[in-house]
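Novice:
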Amino acid sequence: MTAAIVIGVIAVITVFIAISSYNSLINLKEQTNNSWKQIDVQLKRRHDLIPNLVEAVRGAMQFERETLEAVIAARNKAVSVCTGAGPGNVAEIAAAEGALSAALSRFSAIVEAYPELKATGNVAQFQEELTSTENRVGFARQAYNDTATSYNVAQQQFPNVLFAGMAKAAPATLWEISEQADREVPKVNLSFK
Amino acid sequence: MATFFELQEKNRKKTTWVVALFVAFFLWLGLGLDLALYFKARAHTRPVPATVYRETSPGSYQEAELPPGAIRPYEKKSKPFRPVFTIVIGLLGASLAWWELSSAATTVLKAVRATPVDSDTKGPGRVFHNVVEEMSIAAGMPMPSVWIIPDRDPNAMAVGLKPGDFHVAATEGLLLSLTREELQGVVAHEIAHIKNQDVRLMTTLTVLVGISALIAEFVARCRYHGGSDRSGDDDSRIGSIIFVIWLLTVLLAPLATRIMALMVSKEREYLADASAAQFTRNPQALISALEKISGAAGATHSISQASAHLCIASPTAADLSEEESLFSTHPPMSQRIARLRLIGRGMALAPSGG
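Protein chains in written order, with the UniProt record's numbering: chain H, 1 to 193; chain C, 1 to 354.
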C-alpha cells in the first residue's frame with residue numbers, strides 16, 4: 001500500500017516536471033522565433049529606407065558614384081538573400097547584411113566630408129536616420145541572440161534535456177559577425193542636436 | 001544572466017501580493033470596526049429570561065414550563081452580526097483603486113503637462129522618438145508612446161500598466177543636455193522599468209497607499225464613541241481590544257506601506273540600471289548620463305513627489321544628496337554609478353558575443 005502511494009506520488013511529480021519543462025521549451029522556442037521576426041522587420045525597414053537615403057544625397061555627391069553604387073548593390077544582394085529566409089539561413093543573411101552595414105558606414109563617413117551637404121542641414125537628419133536604422137538592426141540582432149542563447153542553454157539543462165526531442169527543440173544559430181571588416185562598428189557622429 | 005522573464009514573473013507575483021495585502025487591509029478596516037461595534041453592543045444588551053425547552057421525543061423539542069421554585073436561566077439576545085462597514089469600505093476601496101489605476105497613466109502625464117511626440121517630428125524630438133524605438137527593440141517590447149515634459153531640469157519617467165498603455169516621457173532639459181548615447185542609457189532605464197513591471201508594481205503601491213490613507217481618514221471621521229465602560233464584562237473588553245488594534249493599524253498602515261514602497265523602489269532602481277546596461281551594452285553612457293543629471297542638481301518642479309519613483313532620478317532636490325535616507329525613492333547616485341562601473345568591468349572581461 002505504502003509502496004503504491006510512493007510510486008503514485010513519484011509518477012505525479014514526474015508528469016508535472018515533464019509538462020513544465022516541455023512548456024518552458026516551447027515558450028522559449030516561440031520567443032526565439034518572435035525575436036527572429038523582429039530582426040526581419042528591421043532589415044526590411046532598412047532595405048526600404050536605403051534607396052531614399054541615397055536619392056537624397058545623390059545630387060551633391062556626383063563624384064562618389066562608386067560608393068553610392070556599392071551601397072545599392074549591397075542592398076540589393078541583402079534583399080535577395082533575405083527573401084524567404086528563416087532562422088536556418090542566419091549565416092548567409094548575416095554575411096549579406098554585414099556587407100551592407102560596412103557599405104553604409106563608408107557612405108556615412110563620406111557624407112560627413114561634404115560641406116555643402118552639411119550646410120543644408122539635411123545631413124543631421126540623414127545621419128540620424130542612418131544611425132537609428134543601424135541601431136535598430138543591431139538591437140534586434142542583440143535581442144535575438146539573447147533569446148536564442150537562453151533557449152539553447154535551456155535545452156541542455158536538466159531535466160529539459162530529456163524532453164528536448166519531444167518539444168522538437170533544436171539549437172538556434174546565433175547571429176555572429178563573421179568577417180573582420182564587419183566587426184568595425186560603424187562610427188557615426190552622435191553629437192548633433 | 002538571469003532572464004528578464006523570470007524577473008518579470010517575480011514582480012508580477014509581488015504585485016499580486018501587494019494587492020492581496022491591501023485587500024486584506026481594506027477588509028480589516030471595515031471588519032475591525034464592525035467587530036468592535038458588535039461586541040460593544042453586546043456588552044450593553046441586558047440579559048433576558050431564557051426560554052426552556054424539553055425533549056419530547058429524540059430530536060424534537062417543545063417549550064416547557066419550569067417547575068415552581070426553579071431559577072430561570074438568563075441569556076443575552078444580541079442583534080445578529082451585520083458587517084456593514086466591511087461591505088461599505090471594501091466596495092469603496094475596490095472602486096477607488098480600480099478608478100485610480102485605470103486612469104493613472106494619463107493623470108500623471110497631464111499633471112506634468114507633457115506633450116506627445118509623433119513618429120514624424122523633427123529635431124531633438126525625432127532623436128528621442130528614434131531612441132525609444134531602438135530601446136524597445138532591444139528589450140523586445142511593444143513601442144511605448146513618447147512624451148516631452150516642458151521642464152529645464154534633466155529627468156525622465158515611465159508610466160503605464162499594460163501593453164498598449166506604456167509611456168516614456170523626458171524633460172526638454174534632458175534632451176538638450178545629453179548625447180545620443182547617454183539618452184539611450186536613460187531611455188533603456190525607463191524601458192527596463194516598464195519591462196520588469198516595476199511601473200505596474202510601483203503605481204499599484206502608490207495608488208493603494210494613497211487610498212488607504214484616504215479611507216483611514218474617512219473612517220477616523222466616523223468617530224467611534226466607546227468611552228470607558230462601567231460594565232467590565234468580557235464582551236466589552238474584547239470590543240475595546242479589537243478597537244485599539246484597529247485604531248493602531250489605521251494610524252500606522254499608511255506610514256508602514258510608504259516605507260515598504262520606498263524600499264521596494266530603491267531595489268528596482270538598481271535592477272533597472274542593470275537592465276539598461278544589458279539593453280545598451282554600454283553602461284558607460286548611462287554613468288555619464290547619471291553624472292550629468294546629478295550635476296544639474298536642481299529640483300524638477302513639474303514632477304510631483306507622488307510620481308518620483310517613476311523617474312530616472314528623484315525630482316526632489318533634497319533627495320539628490322549623497323546620504324542614504326529611508327524616505328528617498330532612489331539610491332544615492334554614487335552607489336548607482338559604482339554598481340554600473342562593476343557591470344561595465346564585467347562586460348569588458350566577458351568574451352564578446354551577442
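Glycine included, C-beta positions come from ideal geometry on N, C-alpha and C. Model, not experiment: these values are computed from the prediction.
Taking the alpha-carbon of C/Asp-165 as reference, which of C/Thr-329, C/Ser-103, C/Leu-255 has the nearest alpha-carbon?
Specialist: Ranking C/Thr-329, C/Ser-103, C/Leu-255 by Cα distance to C/Asp-165 puts C/Ser-103 first.
Novice: Give the interface partners of C/Arg-281 over in chain H, defined as CB-CB distance under 8 Å, in chain order.
Specialist: Per Cβ cutoff of 8 Å: Gln-142.
Novice: Could you have a look at residue 253 of chain H and say whether DSSP puts it in helix, strand or coil?
Specialist: Any question about residue 253 of chain H goes unanswered here, given that chain H covers just 1 to 193.
Novice: Can you tell me whether DSSP reads C/Thr-171 as helix, strand or coil?
Specialist: The answer is strand: DSSP assigns C/Thr-171 an E or B state.
Novice: Given that C/Val-127 touches chain H, what residues does it touch there, using C-beta distances under 7 Å?
Specialist: Glu-128, listed in chain order.
Novice: Just verifying my parser: in three-state terms, what is the DSSP assignment at residue 397 of chain C?
Specialist: Only positions 1 to 354 of chain C appear in this structure, which leaves residue 397 of chain C out of reach.
Novice: With a 10 Å radius around its C-beta and 16 neighbouring C-beta atoms as the bar for buried, classify C/Asp-235 as buried or exposed.
Specialist: By the 10 Å Cβ count, C/Asp-235 comes out buried.
Novice: So for C/Gln-62, helix, strand or coil by DSSP?
Specialist: If DSSP states are grouped into helix, strand and coil, C/Gln-62 belongs with the strands.
Novice: Against chain C, does H/Ser-35 count as a neighbour if the rule is that its beta carbon must be under 8 Å from one of theirs?
Specialist: Chain C, which has a Cβ nearer than 8 Å to the Cβ of H/Ser-35, makes this yes.
Novice: Would you verify that the beta carbon of H/Gln-38 is, or is not, closer than 8 Å to some beta carbon of chain C?
Specialist: Yes, H/Gln-38 lies at the interface with chain C (some Cβ there is under 8 Å from its Cβ).
Novice: Across which residues does DSSP place C/Ile-149 in a beta bridge pair?
Specialist: Beta-bridge pairing links C/Ile-149 to C/Thr-171.
Novice: Is it true that the CB of H/Tyr-114 sits closer than 8 Å to the CB of H/Thr-32?
Specialist: Contact flag unset, no.
Novice: Roughly how many angstroms lie between the CA atoms of residue 404 of chain C and C/Lys-266, to the nearest whole one?
Specialist: Nothing about residue 404 of chain C can be read from this structure; chain C reaches only from 1 to 354.
Novice: Just to confirm before moving on: does the CB-CB distance between C/Ala-156 and C/Ile-312 stay below 8 Å?
Specialist: Yes. Within cutoff.
Novice: Any Cβ of chain C within less than 8 Å of the Cβ of H/Arg-136?
Specialist: With 8 Å as the cut-off, H/Arg-136 counts as an interface residue toward chain C.
Novice: Run through the DSSP bridge pairs and tell me what C/Arg-54 is partnered with.
Specialist: Answer is C/Gln-62.
Novice: Taking 8 Å as the limit between beta carbons, can you name the residues of its chain near C/Ser-136, skipping five residues before and five after?
Specialist: Contacts found: Pro-142, Met-143, Pro-144, Ile-191.
Novice: Can you give me the start and stop residues for the alpha helix (DSSP H) that H/Ala-95 sits inside?
Specialist: Its alpha helix (DSSP H) spans residues 90-112.
Novice: Using 8 Å as the limit for Cβ to Cβ distance, is C/Asn-130 near chain H?
Specialist: Yes, because at least one Cβ of chain H sits closer than 8 Å to the Cβ of C/Asn-130.
Novice: Ignore the nearest five residues each way along the sequence and tell me which others in C/Pro-49's own chain have a CB closer than 7 Å to its CB.
Specialist: These residues qualify, in order along the chain: Arg-72, Tyr-74.
Novice: Give, in chain order, every residue of the region 133-152 of chain C whose Cβ lies closer than 8 Å to some Cβ of chain H.
Specialist: Against chain H - using a Cβ distance shorter than 8 Å - the residues of the region 133-152 of chain C are Glu-133, Glu-134, Met-135, Ile-137, Ala-138, Ala-139, Gly-140.
Novice: Classify C/Tyr-53 as buried or exposed, calling it buried when 16 or more other Cβ atoms lie within 10 Å of its own Cβ.
Specialist: With fewer than 16 other Cβ atoms within 10 Å, it is exposed.
Novice: Apart from the five residues just before and just after C/Ala-188, which ones in its own chain have a Cβ nearer than 6 Å to its Cβ?
Specialist: Answer for C/Ala-188: Met-135, Ala-276, Phe-279, Thr-280, listed in chain order.
Novice: Determine whether the beta carbon atoms of C/Leu-35 and C/Ile-242 lie at a separation below 8 Å.
Specialist: Taking 8 Å as the Cβ cut-off, C/Leu-35 and C/Ile-242 qualify as a contacting pair.
Novice: For a contact meaning CB atoms closer than 7 Å, what does H/Ser-132 contact in chain C?
Specialist: Those within 7 Å of H/Ser-132 in chain C are Asn-130, Glu-134.
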